[in-house]
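Participant:
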Amino acid sequence: MNSDYIKARIDIKGIAVPVISSGLNLADHLGAMMVRWNINRNNYRVMPGLYAIGNPDTGSDVFVSANYKLSFDSLRSSLEGINGWILVLDTKGVNVWCAAGKGTFGTKELVSKIRQYSLENIVSHRRLIVPQLGATGVAAHKVREETGFNVHYGPVRACDIKKFISNGYRKDREMSLVTFGFRDRMTLVPNDFIYGKFYLLGAIAVMISLSFLGKEGFNPAFSKESYSAVLNVSLAYIGGIVITPALLPYIPARAFAVKGFYTGVFIYIISALAGFSAGSTIQLISWFLIIGAISSFMAMNFTGSSTFTSLSGVRKEMRIAVPVQIACAASGLALNIIGKFI
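When we follow our numbering, the leftmost residue of the sequence shown carries the number 1, and every step to the right adds one.
1. Can you look up Pro56 in the DSSP assignment and give me helix, strand or coil?
2. When the Cα of Ile129 is compared with those of Ser118, Gly84, Arg173 and Asp90, which residue comes out closest?
3. Excluding sequence positions up to five away, which residues of its chain have a Cβ less than 6 Å from the Cβ of Thr367?
4. Which one or two residues does DSSP pair with Asp11 in a beta bridge?
5. In terms of residue numbering, what span does the alpha helix (DSSP H) encompassing His29 cover?
6. Given this structure, state the Cα-to-Cα distance separating Ser277 from Arg41, to the nearest angstrom.
7. So what does Leu50 bridge to, in DSSP terms?
8. If you scan the stretch 154-241 from start to end, which runs of the alpha helix (DSSP H) of 4 or more residues do you find wholly inside it?
9. Is His152 closer than 8 Å to Tyr169 when the C-beta atoms are compared?
10. In whole angstroms, what separates the C-alpha of Leu50 from that of Gly59?
11. Is the Cβ-Cβ distance between Gly134 and Ala100 less than 8 Å?
12. Of all the options Phe266, Asp184 and Ile82, which has the alpha carbon lying nearest to the alpha carbon of Phe164?
13. Excluding sequence positions up to five away, which residues of its chain have a Cβ less than 6 Å from the Cβ of Leu235?
14. Just to confirm, is the Cβ distance from Leu188 to Tyr237 under 8 Å?
15. Quick check: the stretch 1-10 against the stretch 19-27, are there 3 or more CB pairs under 8 Å?
16. Among the candidates Pro131, Phe212 and Ser166, whose CA atom is the shortest distance from the CA of Ser176?
17. Taking Asp73 as part of the alpha helix (DSSP H), name the residues at either end of that continuous run.
18. Using the three-state DSSP reduction, which class does Leu110 fall into: helix, strand or coil?
19. According to DSSP, is Leu128 helix, strand or coil?
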């Protein structure tokens, strides 16, 4: 991992602590862009440990972060003009929110890092600023019992840290509110779009193969039906991955799978009116089921990226939705084949 953000190293109690910059350079922005498109995502991390930003002393605040570089960069860029310490936990390259759910951004790891760097000898206070989204993984009372440090849960977004500090380490409602606006949702779309590419390619391959079937047998030649199949599958994929997140608050229903199905119905209507789902009644029904299943499944996968659902809610939705999606897709494929021979 490129470490251009390290400007120097200082010796603190016999520990070589890297001094980092708050400004993001071209490499940081390019790295973030690549990660958004799921390129090198699993390796986009920084070394866990203690870092200094500005010119910190024993009275400077200690900020806790994950070692996912996007999380780290978001924090350091928000600390411009602040002298402080950043304690980076080993979250295996996962962001704060997800790592807290997995347990890697947790009490045990935080206590371990405090002891590893003898933090009580580096700062005179006993105050740690932990991101609010990491609260599910960090038990403040246990950290205090084991280390003597008090956990202050900071704002949801790193950009509010300065305001949080100036308010006497207190949050107002806006700092505590978890939002998931249009920009947030669209930021996540490229990664999900690329992540699901094999679903898309597999579905296209299956539908192209079926387009070669007919009363005369198997004829591996592209036809209008083949191109329509590619278009229908691609539109259904885009419906679940792009359109549903974009219009998320405005699509009826709570479950993402249902929202995706509604989007699929809309896409099917457009496809049918444009003649891309032409054919017998049986084939029209088959495309309705296939497009609805694909859009529903891909939209459901977006639940892991949102703040609208809980882990238990996601599991419950999947237990109900996945069998229905499989049944719709299987029925659609069966009807598609049957329609070719009637």
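Don't be surprised by glycine CBs; every beta carbon is placed ideally from N, CA and C. Here the structure is a predicted model, which means the values were calculated and not measured.
Facilitator: This is what the structure gives:
1. coil
2. Gly84
3. With the chain covering 1 to 342 only, the question about residue 367 has no answer from this structure.
4. Ala16
5. Leu26 to Arg36
6. 37 Å
7. Leu87
8. 161-166, 173-176, 182-195, 197-211 and 224-238
9. yes
10. 16 Å
11. yes
12. Ile82
13. Ile267
14. no
15. yes
16. Pro131
17. Lys69 to Ser78
18. helix
19. strand
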